[in-house]
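Visitor: Structure incoming, see below.
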Amino acid sequence: MITLGGTATKVHLATAATDLRRGYSGLYNLIEHEFGGEPMSGHLWVFANKRRDMVKVFWWDDGGMCILGKRLHEG
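Below is the structure:
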């Protein structure tokens, strides 16, 4: 477990490829409707594209939504 803000935080990893052109609302709806999760729980939601060379992490904290993106290089 990762602790952010003093509480245990779960990391959810989407195993299927995700269209990473989605923004805040798109990922929020994906988490809520396709995965049955609670986007405002404070847990981390990790998504990867089809080639697995880019990931996005969705996280909700007390200040609002945050999306972190990372492009991965070879290896």
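FYI, in the working numbering the residues of the sequence shown are 7 to 81. We put the beta carbon where it would ideally sit given N, CA and C, even for glycine.
#1: Assign H18 to one of three DSSP states: helix, strand, or coil.
#2: Can you check DSSP and say which residues form a bridge with K76?
#3: Rounded to a whole number of angstroms, what is the C-alpha to C-alpha distance between M60 and G75?
#4: Once DSSP output is grouped into helix, strand and coil, what is the label at G43?
#5: How many angstroms separate the CA atom of N55 from the CA atom of S47?
Guide: According to the structure shown:
#1: Position 12 of the sequence shown, counting from 1, holds the residue named residue 18. Secondary structure of H18 (DSSP, three-state): strand.
#2: Position 70 of the sequence shown, counted from the first residue, corresponds to residue 76. As a beta-bridge residue in DSSP terms, K76 pairs with V61.
#3: Translated into the one-based positions of the sequence shown, residue 60 becomes position 54. Translated into the one-based positions of the sequence shown, residue 75 becomes position 69. Cα-Cα distance, rounded: 7 Å.
#4: If you number the sequence shown from 1, residue 43 lands on position 37. In this structure, G43 counts as coil in the three-state DSSP scheme.
#5: Here residue 55 refers to the residue found at position 49 when the sequence shown is read from its first residue. Here residue 47 refers to the residue found at position 41 when the sequence shown is read from its first residue. Cα to Cα, N55 sits roughly 24 Å from S47.
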